[in-house]
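As numbered in UniProt numbering, residues 1 to 225 make up the sequence shown, in order.
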Amino acid sequence: MSMLGGDPSRPPGGRSTVPATPRTKTSSAKGLETRERIVDVAVRFIARNGARGTSLADIAAEAGVSQTGLLYHFGSKEALLSAVLDRHLAFTEEWLWGDGPDPGLKIVDIIARHMASWPSQHDDKVYSLLGMNTVVLGENVSPDTDLHPRLVEGYGTTIERVTATLRSAQQRGEMRTDVDPKLKAMEIIAFCYGVEAAWLVDPTIPVAAAAAQWAAQQTTQLATT
């Protein structure tokens with residue numbers, strides 16, 4: 001979301017407005033920092049208690065702001081939940097497509113590399129982020145829940161993008177053409193969900209080895225050479 005703000009106007013008497021610009025930037029930076037802190041807390045609390053079991057008052061207290069202050073930055077609980085999901089989306093965009101929009105068959109190696117990094121992440125941020133997403137999915141499987149349409153759209157978009165990169169791999173001759181790219185994309189995403197859930201339940205499982213073996217098997221089965 002964009003932050004509020006505008007160009008400063010010259011005050012009465014013709015005084016210089018140079019000092020006003022840094023103050024505006026400082027205020028904006030502090031506002032952004034507060035928003036990020038609120039989202040950080042919301043991710044942790046939702047991962048632990050679920051969205052339905054987490055109140056705005058609890059989040060505000062942990063984030064060091066009043067509930068009124070929280071609502072200044074996020075007008076409602078739904079708006080905060082949307083920001084939380086935006087955080088997960090940005091995280092996914094960074095690791096899945098950070099090497100480029102069309103990795104082709106290498107996407108399985110990207111996934112394996114990402115999973116191998118989980119145990120070494122700092123401050124449990126990845127654990128909380130993945131946990132939050134899993135909990136929110138569980139709370140919104142019913143079509144009549146508020147976030148269901150967004151989750152369905154997000155899943156569909158991910159499937160389409162993975163399908164597109166696999167189809168490109170086929171067109172470049174990297175991947176067998178007798179494999180349906182959309183069905184394979186669904187299989188890949190299902191693998192990701194499954195490993196995430198298993199690791200959240202037991203972070204001691206050899207996730208890196210399992211992911212590396214899976215990626216090697218996929219490459220062997222799908223590559224043309």
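Even for Gly, the Cβ is constructed at its ideal location relative to N, Cα and C.
Supposed contact pair residue j and residue i - C-beta distance, whole angstroms, cut 8 angstroms
i: MET115; j: VAL195; result: 6 angstroms
Nearest-angstrom Cα separation, counted from residue j out to residue i
i: ALA51; j: PHE45; result: 8 angstroms
i: ALA185; j: GLY69; result: 42 angstroms
i: ALA57; j: ARG48; result: 16 angstroms
i: ALA216; j: ASP109; result: 8 angstroms
i: TRP214; j: GLY53; result: 36 angstroms
i: ILE38; j: THR220; result: 45 angstroms
DSSP beta-bridge partners of residue i
i: MET132; result: According to DSSP, MET132 bridges with nothing at all.
i: MET175; result: ALA223
Three-state secondary structure assigned by DSSP to residue i
i: ALA216; result: helix
i: ALA63; result: helix
i: ALA51; result: coil
i: THR157; result: helix
i: PRO101; result: coil
i: LEU96; result: helix
i: SER28; result: helix
i: ILE205; result: coil
i: LEU183; result: helix
i: SER82; result: helix
i: GLY75; result: coil
Cβ-based burial, residue i [other Cβ within 10 Å; buried from 16]
i: residue 294; result: No information on residue 294 is available, as it lies outside the stretch 1 to 225 that the chain covers here.
i: GLY131; result: buried
i: PRO206; result: exposed
i: GLN218; result: buried
i: ASP40; result: buried
i: LEU183; result: exposed
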